[in-house]
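Here's the structure we're looking at; comments come further down.
In full-length UniProt numbering, the protein residues as written are 1 to 292.
What follows is the structure, encoded as structure tokens:
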């Protein structure tokens, strides 16, 4: 078994989440992990620090899950990247708890382009659409890929406008790449998988779960050097993306909005906290031009 297959097996093993995956990455990078794959079960438990007393039944379940995942990895047919692959995006390697595996459909060359992450409310107003229609065509025209989450509202608008300008959309979703959520985005998701790039850290056949979407947001922020927030309520998922960008030393830009609009409370607070206010195209271009 090669390293890439082994890492896929770990991703498919129940009980290995972001924290334990990070320990695996660290052990391999630092050179104190076994170099023959797959690891035996005892070595795996040591590296992920599963050394405290554990009920025998739970340990047996974990071992069975690991052995099953090793078999699944050898028969796996979908396309994927592992953390140590050359095509794995360097910007994503730099974030806190990068995904061990990225499942994908589409063109990996999109990951080599400069990119801007664009996020915002699911309850997008005409104001959001006007902002996107004003700024995105010119940004896309410079060869910048647009990263978003294929959610209702701002995300879908960003992907659609990117396509309308013959640009490159990158969508990061919170389900398996063969699952569409919401279901009425099926055609757009299929188009992105054919003409752009569709990414997920979740294996095929994984349905939507509440916890997936905040986790997905760290990847949206991590793929780009800058994140643009269009409209966002207080405590929204878009603010999770913005905060993830800030935690990883990425630039955050925000569109100011009416003080009377709940859809702009989050963006206005971001600006108060230090995000770059965007009132004209040049505010965005000053940030992304060095990337082009």
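Where a beta carbon is used, it is the ideal one built from N, C-alpha and C, also for glycine.
Around residue 89, the same chain offers 111 and 223 as residues with beta carbons nearer than 7 angstroms, after the five sequence neighbours per side are excluded. A direct Cα-Cα distance of roughly 46 angstroms separates residue 254 from residue 71. Under the DSSP assignment, residue 114 falls outside any alpha helix (DSSP H); it carries neither an H nor an E label. Looking at 151, 34 and 188, the one whose alpha-carbon comes closest to that of residue 123 is 151. Using a Cβ distance threshold of 8 angstroms, residue 276 and residue 247 do not count as a contacting pair. Sequence-distant partners of residue 157 (beyond 5 residues in either direction) whose C-beta falls short of 8 angstroms from its own C-beta, in its chain, are 124, 128, 129 and 132. Rounded to whole angstroms, the Cβ separation of residue 231 and residue 219 is 21 angstroms, and the two are not in contact under 8 angstroms. Residue 239 sits in a helix when the DSSP states are folded into three classes. Between the stretch 165-172 and the stretch 197-215 there are three or more inter-stretch CB-CB distances shorter than 8 angstroms, so the stretches are counted as touching. In this structure residue 121 touches residue 263 by the C-beta definition: roughly 5 angstroms separates them, less than 8 angstroms. Non-local beta-carbon contacts of residue 56 in its own chain, meaning distances under 7 angstroms to residues more than five positions away in sequence, are absent. Minimum Cα-Cα distance from residue 12 among the listed residues 49, 65 and 60 corresponds to 65. Under the three-state reduction of DSSP, residue 127 is assigned to helix. Short of 8 angstroms from the beta carbon of residue 270, and not among the five residues preceding or following it, lie these beta carbons of its own chain, in chain order: 229, 232, 239, 242, 252 and 254.
Within the stretch 126-172, the complete alpha helix (DSSP H) segments at least 4 residues long are 126-140 and 154-164, listed from N- to C-terminus.
In the structure shown, residue 89 adopts coil according to DSSP, grouped into three states.
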